[in-house]
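2 protein chains.
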Amino acid sequence: MLISELETPAVIIDLDVMEQNLSRMADYCRSQNIKLRPHTKSHKIPELAKRQIDSGATGITVAKIGEAEVMLNAGIKDILIAYPIVGAEKARRLAGIAERAGITVSLDSAEAALTISAATSEQGTNVGILVEQDVGFGRCGLANEVELLTLAQKVSSLPGLEFKGLMFFPGQFVVGPEQRAALRIRVNELLDRTLEAFARAGLPLSTVSGGSTPTAYESGLFHGVNEVRPGMYIFNDRNMVGVGAALMKHCALSVVVTVVSNSVSGRAIIDGGSKTFSSDRYLAGDGRGFGILKEDLAVELEHLSEEHGHLNIQHADRGYRVGDRLTVIPNHVCSTVNMHDEIYGVRGEHVESVWQVAGRGKVR
Amino acid sequence: MLISELETPAVIIDLDVMEQNLSRMADYCRSQNIKLRPHTKSHKIPELAKRQIDSGATGITVAKIGEAEVMLNAGIKDILIAYPIVGAEKARRLAGIAERAGITVSLDSAEAALTISAATSEQGTNVGILVEQDVGFGRCGLANEVELLTLAQKVSSLPGLEFKGLMFFPGQFVVGPEQRAALRIRVNELLDRTLEAFARAGLPLSTVSGGSTPTAYESGLFHGVNEVRPGMYIFNDRNMVGVGAALMKHCALSVVVTVVSNSVSGRAIIDGGSKTFSSDRYLAGDGRGFGILKEDLAVELEHLSEEHGHLNIQHADRGYRVGDRLTVIPNHVCSTVNMHDEIYGVRGEHVESVWQVAGRGKVR
């Protein structure tokens, strides 16, 4: 089948670009002796998780137990759930999947640790634990080495838990290498205090898990880090280009759309809106727009209704007729993929693979 | 099952409130002698479409052929696809479903009309057509009565098409009754010219389809309108309250979430983010925030990661512990429902129904 035969809107992945993205990251991690544990939230597709493992990843990361179940059912055996598991029912499910694979969970509270320990003890299973440190993003994670050590010691004392180390997420918004370097200096000051406190206490950190796509190629410069969890690097997107973490040629994912109306002056309407692209905003520059039109950079995807994309063609280099097929690189690949039941792997003009987004909708 | 037993995040519908919303709109439309054709994009659930029909709707509206197929397979026989169908393959699918139900489509181009006519003629079926007028929203629709009449005459001349009338969507952003009245005056001026031109040409408009949830209870004041297509009224949301189109007590949909972390000072993190609520912005006021916390109006759902909701609890009236269950009314119900595989109908504390969001992901 040809791309031109796909009904629109259709999410396509340029396989050549994706494969280059996978190798480049795996090569970098190998060169730094850092384990690569990609966050599969960006694609939610077991076949692609396996491609990541084949290219050098030692395991994967997910956010929800439901996503872990999908990956486990597809045969993936080493999974980090980088998300606090809270509540007795979730802990029971977690203990259940821990029978079938190596499962590690991050957490930042004694409540989460106690609930998981109760469930794993009862089911006779074992879950690895990373304690999470906040390095300034202000989402999850404990603030300092004293709290981290207290929680780690608690975890070490509980049955059914194996304390494995530290996790952090430098998710602060930074653009370009200078801002990333400044962020890294602040993060390293915090990490240094934690590493020292754990060494002093004689509690080994076998894993120090850091990283995100924007900081991934500088992972070797974060102190103590021996594992990273980038997600978006497999596809990249407008945001990654905008913050200087990727180039346009690294963007593997795009959405093929069709012009369905051009009757309003200065506008062309495409058959994808917020239910195709998500309404995630552009993080860089002036924050405007929802994607880049590959065929004409002078055109802005200015506004999204649920099923309509509003192209502003006032400064367009070409005409837009009803039926024209166009290609959009979206702001955020993770949210875009999550809108679709299946996506297509393409090489040149040919559709080579159809993948079900099996982890989609696994919010629990 | 009790609500308190649902794993989170879980979308729940207060059935008492939903039923009141359904009756109130049906009663209003009956009182005005206006047909009610609800837009099912807001729920995408055949069982709820049937509830709408049982409460007085004469048919339903959808945006995509895939949604029409889901509703048709569930036995719904009168469907308006309020979206231009463009492309030979989509036209073929459209002609196919027209064998099994009464299908009407809106369009604003001769290209769309010709493609559909070719497909329906070939398959020996028939599709109703509404020509779309832009009444200032600037999305789809022809600008004036001359263009509308030209297209309507073209449609009337083509085999396999039945010209039925006019459609418009007053989707402009307006807040409160004064702004809605001003909008209505502008729209009525445009409608008057169209109605007069069609009357003069002797081309009857058996359907004039207008309306949206914000303007729905003023539908009788739009000139010539004999059908409306509100969607959100079944559930309502923070946006509908914000623009003065509903009250908090009319909000039937909320999302039950759990606090998964409170380790960052001034923050509580819940287990739903942009993949639970969507990242649709608040349309009114200062545009800030992604939902209302029912338990504490002083708390803002300030930021969304993909799977984390960031509550700002600096001005909170209560403490937030890991494991606490909370209830959020989201900005936009249509986008929220679209994130979930199933949602729950509840009465009091009891879960009465589990509905699959069968139209979810039907982007084509």
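Protein chains in written order, with this note's numbering: chain S, 1 to 364; chain U, 1001 to 1364.
By construction, the Cβ of each residue, glycine as well, lies at the ideal position given by its N, Cα and C atoms.
Since we're looking at a predicted model, the values are computed, not measured.
Where HIS1310/U meets chain S, residues with beta-carbon distance less than 9 Å: Contact note: HIS1310/U reaches chain S through GLY138, ARG139, using a C-beta cutoff of 9 Å and chain order.
Bridge-paired residues (DSSP) for ILE81/S: VAL62/S, VAL105/S
Cβ distance (whole Å) where TYR171/S is taken to contact THR207/S below 8 Å: Checking the displayed sequence, the identity of residue 171/S turns out to be Gly instead of Tyr. So it is not a contact: roughly 19 Å between Cβ atoms.
THR150/S burial status per 10 Å Cβ neighbour count (16 or more: buried): exposed
Threshold first: 3 residues or longer. Then list the beta strand (DSSP E) segments lying entirely within the segment 1206-1269 of chain U, N to C. Entirely contained in the segment 1206-1269 of chain U, the beta strand (DSSP E) runs reaching 3 residues are, in chain order, 1207-1210, 1253-1261.
Express the C-alpha separation of SER1278/U and GLU1307/U in angstroms, rounding to a whole number. 10 Å
Determine, using beta carbons only, whether VAL346/S comes closer than 8 Å to chain U. no
3-residue-minimum beta strand (DSSP E) runs that sit fully inside the segment 98-178 of chain S, ordered along the chain: Taken in chain order, the unbroken stretches of beta strand (DSSP E) that lie wholly in the segment 98-178 of chain S and span 3 residues or more are 102-107, 127-133, 161-168.
Please classify SER109/S: is it buried, with 16 or more other beta-carbons within 10 angstroms of its beta-carbon, or exposed? buried
For ASN338/S, which residues in chain U fall below 7 Å Cβ to Cβ? Here the neighbours are LYS1275.
Can you give me the C-alpha to C-alpha distance between GLY136/S and LEU326/S, rounded to a whole angstrom? 40 Å
Measuring CB to CB, does VAL131/S end up less than 8 Å from VAL155/S? The answer is yes: Cβ separation under 8 Å.
Using DSSP's beta-bridge definition, name the partner residues of GLN1356/U. Paired residues: GLU1342/U.
ALA1112/U versus PRO1204/U: straight-line alpha-carbon distance, rounded: 21 Å
Selection from ALA119/S, ALA197/S, ILE45/S, GLU352/S that minimises the alpha carbon distance to LEU161/S: ALA119/S
How far does the beta strand (DSSP E) with LEU301/S in it reach, from first residue to last? 300-304
Selection of the segment 77-88 of chain S by Cβ proximity to chain U, strictly under 7 Å: So the close ones are TYR83, PRO84, VAL86, GLY87.
Looking only at its chain, what residues have a beta carbon closer than 7 Å to the beta carbon of ARG1318/U, apart from the 5 residues adjacent to it on each side? ASP1296
Name, going along the chain, the residues of the segment 1099-1113 of chain U whose beta-carbon falls closer than 8 Å to a beta-carbon of chain S. Going along the segment 1099-1113 of chain U in chain order, one finds ASP1108, SER1109, GLU1111, ALA1112 with a Cβ nearer than 8 Å to chain S.
Taking 8 Å as the threshold (C-beta atoms), are VAL257/S and THR104/S in contact? no
Which value, in whole angstroms, describes the spacing of the CA atoms of GLY87/S and GLY1323/U? 6 Å
Any chain U beta carbon closer than 8 Å to SER117/S: no
Length of the line joining the Cα atoms of ALA82/S and LEU1293/U: 26 Å
Within 8 Å, strictly: CB atoms of GLY141/S and GLN133/S: Taking 8 Å as the Cβ cut-off, GLY141/S and GLN133/S qualify as a contacting pair.
Terminal residues of the alpha helix (DSSP H) in which ASN1021/U lies: 1015-1031
Indicate whether at least one CB of chain S lies closer than 8 Å to the CB of LYS1050/U. no
The segment 1282-1289 of chain U in contact with the segment 1231-1246 of chain U per 3-pair CB rule at 8 Å: yes
If you measure from the beta carbon of ARG1364/U to each beta carbon in chain S, is any gap under 8 Å? yes
My understanding is that PRO1038/U touches ALA1057/U, with C-beta atoms under 8 Å, so please give their C-beta distance in whole angstroms. 5 Å
Using DSSP's beta-bridge definition, name the partner residues of GLY309/S. ILE270/S, LEU304/S
How many angstroms separate the CA atom of ASN126/S from the CA atom of GLY1309/U? 29 Å
Below 7 Å on C-beta distance, what does PRO330/S contact in chain U? Near PRO330/S there are no residues of chain U at all, since even the closest Cβ is about 13 Å away, more than 7 Å.
Alpha carbon of VAL225/S to alpha carbon of LEU1080/U, nearest angstrom: Each residue's alpha carbon lies about 57 Å from the other.
What does LYS64/S touch in chain U if you count any residue whose Cβ is under 8 Å from its own? GLU1307
What is the residue span of the alpha helix (DSSP H) that PRO1046/U lies within? 1046-1054
Under 8 Å: do the segment 45-52 of chain S and the segment 68-79 of chain S share three or more Cβ pairs, one atom per stretch? yes
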